[in-house]
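Residue numbers (this note's numbering): -14 to 120.
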């Protein structure tokens, strides 16, 4: 949690089958003296070109405005394989990795609640990510 608290790694992946992610997010919010907002992976992703990006930017805007940490519950679908449901490929589809990177770039602390060890493997994302295992 120290990287997140210092602001050097605002993206946290929590691997948990129970309420560990919520507890970790609450601890992060308390440590950073911020509010905690909740959303789900399904609330962020969309099948239409540009819509996922707009949803992510909306969450960033709200979190910045209210100085909040975002907890993305049931985030597994963001990091699994996604098949585009559209013909227009002019705008790249955002996946979990690019969503996480966008939150990090915006400086918005976010906790992704995942149930799979493989999805939270920091090797998938490179260095600079915080992965907690809350059982």
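Every residue gets a Cβ at the ideal spot worked out from N, C-alpha and C, and that includes glycine.
All values derive from a computational prediction rather than experimental measurement.
The DSSP-derived three-state label of residue 23 is strand. Looking at the DSSP output, residue 97 bridges to -2 and 57. For the pair residue 45 and residue 3, the Cα-to-Cα distance works out to about 26 Å. Here residue 53 is near residue 20, since their CB atoms are less than 8 Å apart. Counted as a single uninterrupted DSSP element, the alpha helix (DSSP H) harbouring residue 84 occupies residues 81 to 91. Within the same chain, Cβ atoms closer than 8 Å to the Cβ of residue 63 are found at 26, 29, 30, 57, 80, 81, 84 and 97, the five residues on either side in sequence being excluded. In the DSSP assignment, residue 51 falls within the unbroken alpha helix (DSSP H) covering 36 to 51. DSSP, read as helix, strand or coil, puts residue 3 in coil. If you draw a straight line from the Cα of residue 87 to the Cα of residue -3, it is about 13 Å long.
Around the beta-carbon of residue 24, 16 or more other beta-carbon atoms lie within 10 Å, marking it buried.
The C-alpha of residue 92 is placed about 25 Å away from the C-alpha of residue 34. Around the C-beta of residue 94, 16 or more other C-beta atoms lie within 10 Å, and the residue is accordingly described as buried.
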